[in-house]
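Residue numbering for the sequence shown follows numbering that gives the first Met the number 0, beginning at 0 and increasing consecutively.
What follows is a single structure, written as structure tokens, with notes after it.
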Amino acid sequence: MKNKKTIFSASVLFFLGTFAYAQEKDTVKTNNLEEVVILGSRGGARSKADSPVPVDVFNIKESSVILPQTNVAQILNFIAPSFTSTIQTNADGTDHLDPAQLRGLGPDQVLVLVNGKRRHTSALVNVNGSPGRGTVGTDLNAIPSFAINKIEVLRDGASAQYGSDAIAGVINLGLKRDTGKLTGQLSYGGNLTPTANDHTGDFDGQNIQVDLNYGNKIGKKGGFYNITWTSQFRNPTYRAGTESGNIFNAYNAIEQRALNNGVNLSSLFTNINNTPNSQQIINYIHQYAQEVNYFSPTLQNQIQSANTISALQGILNTNVTDQELAYRGLSRKDFNMQVGQSKLNNHQLFANVEVPLNDNWKVYTFGGYSFRHGTSGGFFRRPNQSRTFTGLYPNGYLPQIGTDIQDLSLSAGIKGDWKGWNIDFSNTFGQNSFSYDIKNTGNTSLRFNSPNEFDAGGLRFSQNTINLDFSKKYDVWSGINVAFGAEHRYENFKITAGEEASYATYDVSGNLWTGNTVRPTDFFGASLPGGSQVFSGFKPENAVNKNRQAIAGYADVEFNFTNWLLADAAVRYENYSDFGSTFNYKLASRIKVNKDLNFRFAGSTGFRAPSIHQIYYNVTSTLFTNGQLLEVGTFSNDSKVANSLEIPSLKQETSKSASVGFTYKIPSAKLTLTADGYFIRIDNRILLTGQFARSAVSPATQLIYDAERVNAVQLFTNAIDTETRGLDIVLTHNAKFSNIKLDNNFAINLNRTRKVGAIHSSGLLQSSNLENVYFSEASRVYLEEAVPRVKASLSNQLTWGDAIFYLRNTYFGKVTSPDIIDANGDGIISPNEHQEITDKIITDVSLAYQFTKNIGLTVGVNNLFDIYPTKNLPASSNNDQFVYSRSTSQFGQNGRFVFSRLNFNF
């Protein structure tokens with residue numbers, strides 16, 4: 000801790016000291032060009048300081064040499080305080096896709112553009128216990144960061160300009176246009192930390208990444224092509240504690256002794272309550288119990304005296320974990336879950352092409368393909384559990400969720416000048432698909448006939464967007480820019496069923512269980528569950544193939560009344576085929592008090608259409624809820640369950656937002672300060688409800704639960720209204736003296752989101768006891784407290800000749816775990832009692848050196864001081880498996896990451 004504070008203090012002093020030096024050396028000149036932005040205005044590029052709305056610009060092409068992070072989401076998580084994204088663990092498909100949030104709002108409330116064109120969202124619906132639960136975000140990591148020139152982050156509502164989703168803001172990824180050279184990187188790193196390999200130390204999470212970029216000219220009028228290839232091979236990290244729960248019972252011990260002698264007790268019965276050879280089973284148990292030498296005389300006598308199956312069932316559930324581990328030569332860590340980042344192999348190809356047709360017109364295309372194969376672990380299936388068929392797995396097993404994620408995008412268009420009008424006509428297609436391959440698992444109800452790998456089906460989302468945009472500048476006052484256009488968008492969401500064994504339950508004859516036939520059981524009489532363990536496949540009745548269309552028109556006028564007063568007005572109308580229309584507007588203004596001081600104001604309405612995924616997604620999953628595993632059904636709003644509970648159809652979220660801020664430059668000190676306060680009100684916010692238990696609903700609805708074979712149900716609904724208040728402050732400084740260049744950047748985001756007004760419960764769920772499930776306490780925490788309310792970053796980069804030194808400290812504010820536990824240790828669990836995860840500072844250090852004009856090397860450390868989140872209290876640890884919270888979003892739980900990177904260009 001002392002070292003951490005020392006580094007942070009040194010960083011602050013470094014910033015202040017160079018600021019003072021720059022003030023004294025006013026005669027020093029630099030060649031720095033002020034960064035310009037295009038996002039947030041259709042009137043052309045202008046400096047960040049002159050923009051009427053706050054926009055951050057990050058030069059990814061230059062910083063990729065020195066930054067420890069290599070994918071888009073993690074780069075932004077550390078350099079943009081208003082942005083949050085954390086690698087998830089044990090959250091099914093979300094393990095392979097990091098939910099990203101802006102200004103504390105949802106992953107689906109930020110719009111992503113590539114080269115100014117709308118990017119499609121992921122096919123995945125985040126339905127598990129992690130920040131952004133119930134949302135559908137954009138897979139930023141499907142785009143190789145090495146293909147990106149710069150990232151613009153508009154921190155203001157912009158639905159009137161760009162359409163649905165842009166409530167929190169807009170992120171635009173500008174692709175590289177470089178020509179005439181091949182550049183590349185070869186990166187290798189991993190986590191060097193005492194907590195590696197389940198807290199035994201050493202090194203894990205090895206990451207190898209190869210990035211190549213090549214561009215060349217096309218013709219002699221500015222045409223080009225630029226192509227990027229990235230391959231990443233990432234190993235998992237292991238951060239589980241030591242399994243502390245019960246693993247083996249006395250029956251498991253006897254079963255193992257029988258197996259040692261060639262007798263598989265599970266082969267002697269299918270349903271223990273209805274077996275003709277019960278005496279044979281009893282005899283074998285009597286015989287092989289005598290070979291368990293650690294059974295006490297009392298226990299042995301009880302076993303030998305028990306002459307019925309039911310009597311033995313009451314005796315053999317005795318816990319013998321420690322003794323049986325010693326006998327089998329195993330340790331408790333052999334039964335750990337895989338807690339940490341998932342294993343990934345990721346391959347991406349991206350291209351950016353532009354070809355002039357003449358002096359006024361050009362055609363362009365860009366897009367790419369990525370394939371990502373991920374593997375993550377679920378909950379360990381222990382031998383003493385009914386979901387583990389010990390006839391095949393006497394030591395249990397760790398099931399794995401495999402995903403194949405394919406992402407395809409292609410945009411093509413023509414743009415140019417016609418009688419002073421700038422015209423852009425384009426078509427953008429995008430598709431994202433998730434296919435689930437469940438491995439090292441079983442359908443327990445199939446017993447010996449179960450395969451150990453299943454095709455569990457998949458998800459696919461496709462989007463096609465046609466845009467026609469016009470803009471023209473008029474030489475009136477100090478300039479007027481008029482823009483208008485139209486958009487047509489087609490969306491398709493598809494769920495593909497898995498193979499039968501991935502979702503079905505079978506009876507004792509190996510046929511599909513009808514609800515009336517006899518099911519197989521374990522020795523203790525518990526029915527053996529169906530479906531592939533850890534992730535039950537999509538059923539034929541889950542399969543959907545739905546589409547919708549949206550048309551939109553917009554107008555945007557920017558008035559430069561004088562060189563000191565700018566005003567922007569935008570309106571947009573959209574109509575959706577599945578829920579109706581919406582009209583939104585935006586007003587923004589910038590007042591230039593003098594050449595260095597600007598004030599800016601903005602107000603807008605916005606909307607987010609319910610994603611087509613949220614309307615039609617339905618699945619049954621095994622979820623860890625309140626300390627137990629439940630079969631939880633997520634049902635669409637047109638399902639029998641939803642109709643029975645009188646859940647209404649989804650409608651759009653609507654928003655009102657306002658912001659006010661200023662920008663101030665001190666040219667003599669090469670210093671720029673911006674500060675922006677904001678307010679966002681969202682009505683009818685779409686959330687995934689809590690889980691309505693079978694016991695909480697009417698008898699008629701209980702019959703539907705039984706038919707669907709679920710213990711609990713959750714649904715999407717327009718549940719609440721929220722308000723978000725926040726403040727962004729950005730301070731940038733650069734100086735150049737002799738052959739030394741210095742860049743200092745400080746940014747901080749403070750925000751708070753809270754529910755306002757009543758819960759919009761509906762139908763049969765309007766009772767007071769069910770409203771706490773409709774919008775549960777855990778949902779409140781995910782919404783209001785699971786991401787930091789305060790986040791700040793201070794970075795210092797010193798360039799001296801061929802060397803670059805980079806130091807960054809990132810402050811992650813405190814968050815709250817959604818688990819309701821006895822956090823204060825007084826023996827009483829209050830309805831809103833949670834553990835607080837304290838604030839932390841993460842320090843990154845990198846050093847790059849260019850040996851020749853073609854070859855350079857970077858070495859560095861992310862999380863230099865090996866900082867981890869606050870440890871979970873025992874009640875949230877699942878038998879010490881989750882040492883750290885998996886339900887909050889700060890900076891992850893991988894610890895120190897060391898890396899080296901070879902940089903080259905030819």
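Quick reminder that beta carbons are idealized off the backbone N, C-alpha and C, glycines included.
Cα-Cα separation, residue i to residue j
i           : j           : result
residue 907 : residue 690 : In the structure as shown, the chain starts at 0 and stops at 905, and residue 907 therefore has no counterpart that could be examined.
residue 130 : residue 310 : 47 Å
residue 489 : residue 141 : 21 Å
residue 166 : residue 868 : 30 Å
residue 796 : residue 745 : 12 Å
residue 861 : residue 725 : 28 Å
residue 479 : residue 218 : 34 Å
residue 434 : residue 703 : 28 Å
residue 187 : residue 209 : 9 Å
residue 905 : residue 181 : 5 Å
residue 491 : residue 889 : 33 Å
residue 32  : residue 47  : Note on residue 32: pLDDT 37, under 50, position unreliable in the model; no value is reported.
residue 544 : residue 719 : 29 Å
residue 900 : residue 842 : 19 Å
residue 153 : residue 101 : 10 Å
Simplified DSSP state of residue i, which is helix, strand or coil
i           : result
residue 461 : strand
residue 615 : helix
residue 331 : helix
residue 107 : helix
residue 711 : strand
residue 686 : strand
residue 355 : strand
residue 66  : coil
residue 423 : strand
residue 639 : helix
residue 25  : For residue 25, the predicted model reports a pLDDT of 32, less than 50, meaning its position is unreliable and no value from the coordinates is stated.
residue 896 : strand
residue 880 : coil
residue 813 : coil
residue 389 : coil
residue 833 : coil
residue 889 : coil
residue 447 : helix
residue 867 : coil
residue 902 : strand
residue 826 : coil
residue 158 : helix
Extent of the continuous alpha helix (DSSP H) run through residue i
i           : result
residue 695 : Run containing residue 695: none; DSSP gives neither H nor E here.
residue 250 : 249 to 259
residue 502 : 499 to 502
residue 76  : 71 to 78
residue 601 : From DSSP, residue 601 is part of no alpha helix (DSSP H) but of the beta strand (DSSP E) over 596 to 607.
residue 781 : 776 to 783
residue 297 : 296 to 304
residue 279 : 277 to 288
residue 843 : Segment 839 to 849 is the beta strand (DSSP E) holding residue 843; no alpha helix (DSSP H) there.
residue 907 : The displayed coordinates of the chain run from 0 to 905. Any statement about residue 907 would go beyond what the structure contains.
residue 533 : That residue, residue 533, is in no alpha helix (DSSP H); it is neither H nor E in DSSP.
residue 311 : 308 to 314
Start and end residues, beta strand (DSSP E) containing residue i
i           : result
residue 181 : 180 to 191
residue 399 : 399 to 417
residue 168 : 168 to 174
residue 375 : 360 to 376
Check: residue i C-beta below 7 Å from any heavy atom of the ligand ATP
i           : result
residue 700 : For the structure depicted, the ligand ATP is absent and the ligand set is empty, with no information on it obtainable.
Cβ pair count under 8 Å reaching 3, the stretch 486 to 505 against the stretch 524 to 537: yes
Uninterrupted alpha helix (DSSP H) stretches inside the stretch 462 to 531 (no shorter than 4 residues): 499 to 502
Is it true that the stretch 211 to 231 meets the stretch 348 to 365, where meeting means three or more beta-carbon pairs spaced less than 8 Å apart? yes
For the stretch 829 to 849 against the stretch 300 to 308, do three or more pairs of beta-carbon atoms, one drawn from each stretch, fall closer than 8 Å, so that the two count as touching? no
Check whether the stretch 156 to 172 and the stretch 96 to 115 are in contact - that is, three or more C-beta pairs closer than 8 Å. yes
Can you find at least 3 beta carbon pairs, one from the stretch 814 to 828 and one from the stretch 791 to 806, that sit closer than 8 Å? no
Does the stretch 725 to 736 come within contact of the stretch 667 to 678, defined as at least 3 CB pairs closer than 8 Å? yes
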